[in-house]
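Asker: Quick one: the structure is below, and I'll ask about it shortly.
Structure (structure tokens):
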């Protein structure tokens, strides 16, 4: 079998196998898996609104998945996308409501750039610790997640809280900082979706078509050989983590500027952690992030209708996602089941 075809086929078979096992669990619970999956798939893309909502759900996965994939390409395990997501959201919302008097063509890009820089700075800290002190990025990024979560929670509740609000949140951003809706006010899909797709294309070009991307991938594959070839190993480690942080920060920016228009305390739904699964399913290939993010977003969006139609717990989707991750991580199981060499 052609290697590239095999690399594409195995993730597809992993998803297929997870759905089969999910169907068995549904039948054991006394519900028809056909009805359950019909509700799931209709919720994913059974109508115009469902398809648009799937795109909405996929948008943060596109960017946070990229954040993890860039780390993998650089030989780094970036578990800090959640914290980078938070810091990007916080910075953009502050710019969104405090900076006044600017036209939209200037205010919106400013909020986007500041959010991306905030995520990049937060991501570069564990990169710098790794490059200079040899501190393991997994431990550092996990700790940075907790710092970001608690810091944002404190700032939203005590520093940037809207005194007129009945809940802990910041003031609403100004209209000039809002990402425009793509299909009018009746639909939630915003221009951040196009920005996320552009980020995927840009990342693929950077990693596979430029000298800088070649250096990042070489450092990730073999730091010793990269150093012998004269590459700046420490600099590329920091750069890869900064790029990853910028992507995760943009994901947080999109949630604030495109959907919520404010930042409530503890608002994230775990996008940064789900991003690890998205990147694994995509084999850390930026273009593979697109179908992977749409699958994760679709499962998230369709789970509600499946639950309404059949009474099946929405947690079954988490089980299916876990099975997908298991089959991707232990792909020898998939190879053995389907006799793939």
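In our numbering, the protein residues as written are -4 to 336. For every residue, glycine included, the Cβ atom is placed at its ideal position computed from N, Cα and C.
So what's residue 164 in DSSP terms, helix, strand or just coil?
Answerer: Note: residue 164 maps to strand in three-state DSSP.
Asker: Could you have a look at residue 104 and say whether DSSP puts it in helix, strand or coil?
Answerer: Residue state, collapsed to three classes: helix.
Asker: Enumerated in chain order, which unbroken segments of the alpha helix (DSSP H) with a length of 4 residues or greater are wholly contained in the region 131 to 164?
Answerer: If we require 4 residues or more, the alpha helix (DSSP H) runs fully inside the region 131 to 164 come out as 132 to 153.
Asker: So the alpha helix (DSSP H) residue 199 belongs to, where does it begin and stop?
Answerer: It spans 187 to 204 - the alpha helix (DSSP H) in which residue 199 sits, taken as one unbroken run.
Asker: What do you reckon, are the CB atoms on residue 279 and residue 13 nearer than 7 Å?
Answerer: Not in contact: residue 279 and residue 13 (Cβ atoms no closer than 7 Å).
Asker: Whole angstroms are fine: how far does the CA of residue 19 sit from the CA of residue 90?
Answerer: Going by the C-alpha atoms only, they are around 50 Å apart.
Asker: Could you pull out every residue in the same chain whose Cβ sits closer than 7 Å to the Cβ of residue 340, ignoring the five residues on either side in sequence?
Answerer: The question about residue 340 has no answer here: the residues shown for the chain are numbered -4 through 336.
Asker: Output needed for residue 185: all residues of its chain with C-beta closer than 6 Å, excluding positions within five of it in sequence on either side, in chain order.
Answerer: So the qualifying residues of the chain are 174, 176 and 253.
Asker: Shortest alpha-carbon distance to residue 233 belongs to which of 247, 249, 248 and 215?
Answerer: Comparing Cα-Cα distances from residue 233 to each of 247, 249, 248 and 215, the minimum goes to 215.
Asker: Between 136, 312, 334 and 218, which has its C-alpha nearest residue 115's C-alpha?
Answerer: Out of 136, 312, 334 and 218, 136 has the C-alpha closest to the C-alpha of residue 115.
Asker: Taking the alpha helix (DSSP H) that residue 173 belongs to, which residues open and close that run?
Answerer: Per DSSP, residue 173 belongs to no alpha helix (DSSP H) and is neither H nor E.
Asker: Which same chain residues end up closer than 8 Å to residue 44 when comparing Cβ atoms and leaving out the 5 residues on each side of it in sequence?
Answerer: Hits under 8 Å: 182.
Asker: Taking Cβ positions, are residue 340 and residue 51 nearer each other than 7 Å?
Answerer: Missing from the structure shown is residue 340; the chain here goes from -4 to 336 and no further.
Asker: Let's see if you can read the secondary structure: which residues bound the alpha helix (DSSP H) around residue 87?
Answerer: Residue 87 -> alpha helix (DSSP H) spans 76 to 93.
Asker: Among 113, 118, 54 and 259, whose alpha-carbon lies nearest the alpha-carbon of residue 162?
Answerer: Residue 259 is the option with its Cα nearest to residue 162.
Asker: Counting beta carbon pairs with one atom in the region 288 to 297 and one in the region 30 to 42, are three or more of them shorter than 8 Å?
Answerer: Judged by Cβ distances under 8 Å, the region 30 to 42 makes contact with the region 288 to 297, as three or more pairs qualify.
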